[in-house]
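Below: the structure, in structure tokens.
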Amino acid sequence: MTAADAKTKIIDRARTLGFDAVGFAQADEHLTEDYARFQAFIAAGKHGVMNYLAESAPARERVDTPLILDGAKTVISLARRYQRSPEDEAADPPLAKLVARYARGQDYHNHLRKKVRSLARFVRMLGEDVRARPLCDEEPLLERAWAARAGLGFVGKNGLLIVPGQGSMVLLAEVVTNLALPPDVPMTERCGSCTRCLDACPTQAFDAPFVLDPRKCIAYLTIEAPLVETSSEVGEHLFGCDDCQTVCPYNRAPVTRTNDAKPFRPLPVWSETTLEQLASGDEPLFAAKTKGSPLRRAGAVGLARSAQRVLRSRQS
């Protein structure tokens, strides 16, 4: 089997598993420039309370080491769109609409990780001594940089990967393998003069185009540091924020795959829960209400703090 044939088989398998886009990059071409920007980001303290970002730093520059996969030749970048059709989203319960789209349904780590592992098993079957490691939001990887290198999309002015035809509301994952596969060509940035994402940010979290200060970002303030005192600009965001994505023209692409949107539809609990309940900070109630949900990351006290802020904003 030629490398080109193997690549075609991997693409077909990835799409069968439900991935919307697939790209390939050479693993032994390191992310020197991207890593330098990452180091400057850490040195400036912009990671805030996200101390895990400063850990295992070398793996963020290169993946062909024992930290990820010794002898790696290819990074297979994958994207799964979580955006649903406007008609589908319009039916979401009011409480769910205060939550970022990716977090309204099941914790994506669980179902996405299964798909990535399945693809890695498939890659291992393509030759003798083929190794493949599935990665899904746990390992210290600059995944947007690798996705851009793999031609999966380009990084927009809001710092998110934009996949033409799919938009930026995508989840990323990777399979790193020692199988040498033909790389794809990176895309040029296509934002042009558009600044809608920067202008839409309620907290003005962008220092410049492509430069986000997470410490000002609503997603950071409601997920990573929900106990930090916030300004009124945070508004009625309970968990996460989609504002810089909602206005992006690339997210107007029609949602053509609706038969497998179930994991991203709001959990039934959002029709059975009130802000007042979440604002109570009751630990047993929090555990019951957030079972299988990404909202568990904020913690009972953190989510209560966010719910209390939303209630205050409605009273003012």
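Last residue of the sequence shown: number 318 in this note's numbering, and the count goes up by one each step with no gaps.
For every residue, glycine included, the Cβ atom is placed at its ideal position computed from N, Cα and C.
Keep in mind it's a predicted model, so treat the numbers as computed, not measured.
Three Cβ pairs or more, each shorter than 8 angstroms: is that satisfied between the segment 146-166 and the segment 191-208? In short, these stretches touch, since the Cβ pair count reaches three.
Beta-bridge partners of Gln108, as assigned by DSSP: DSSP, once it has assigned bridges, lists no residue as partnering Gln108.
According to DSSP, residues forming a beta bridge with Ser308: In DSSP, Ser308 forms no bridge with anything.
Compute the beta-carbon to beta-carbon distance between Glu274 and Met52, rounded to the nearest angstrom, for a pair I have assumed lies under 8 angstroms. In this structure Glu274 is not in contact with Met52, their Cβ atoms being roughly 32 angstroms apart against a cut-off of 8 angstroms.
For the segment 149-162 against the segment 122-137, do three or more pairs of beta-carbon atoms, one drawn from each stretch, fall closer than 8 angstroms, so that the two count as touching? Fewer than three Cβ pairs drawn from the segment 149-162 and the segment 122-137 lie within less than 8 angstroms of each other, which leaves the two stretches out of contact.
From this set, Asp22, Ala61 and Asp244, which residue's C-alpha is nearest Gln41's C-alpha? Minimum Cα distance to Gln41 is reached at Ala61.
How many whole angstroms separate the CB atoms of Asn180 and Lys75, which I take to be in contact at a CB cut-off of 8 angstroms? Between the beta-carbon of Asn180 and that of Lys75 there is about 5 angstroms, and that keeps the pair under the 8 angstroms contact cut.
Is Arg198 near Val271, with beta carbons less than 7 angstroms apart? Cβ distance not < 7 angstroms, so Arg198 and Val271 don't count as in contact.
Check whether the Cβ atoms of Val118 and Gly153 sit closer than 7 angstroms, and answer yes or no. Not a contact, by the Cβ cut-off of 7 angstroms.
Which word fits Thr10, buried or exposed, when buried means at least 16 other C-beta atoms lie within 10 angstroms of its C-beta? By the Cβ neighbour-count rule, Thr10 is exposed, with fewer than 16 other Cβ atoms within 10 Å of its own.
Any contact of the segment 11-25 with the segment 76-93, i.e. 3+ C-beta pairs under 8 angstroms? Counting Cβ pairs under 8 angstroms, three or more are found: they touch.
Where DSSP assigns a beta bridge to Phe208, which residues make up the other side? Per DSSP, the beta bridge partners of Phe208 are Leu214.
At least 3 beta-carbon pairs within less than 8 angstroms: the segment 103-112 vs the segment 202-218: No, they do not touch.
Between Ile70 and Val178, is the Cβ-Cβ spacing less than 7 angstroms? By the CB criterion at 7 angstroms, Ile70 and Val178 fall inside the cutoff.
Give the single residue among Gly169, Leu55 and Ser295 whose Cα lies nearest to the Cα of Ala255. For Ala255, the closest C-alpha among the options Gly169, Leu55 and Ser295 is that of Gly169.
Considering only the beta carbon of each residue, do Ala202 and Cys219 sit closer than 7 angstroms? Not a contact, by the Cβ cut-off of 7 angstroms.
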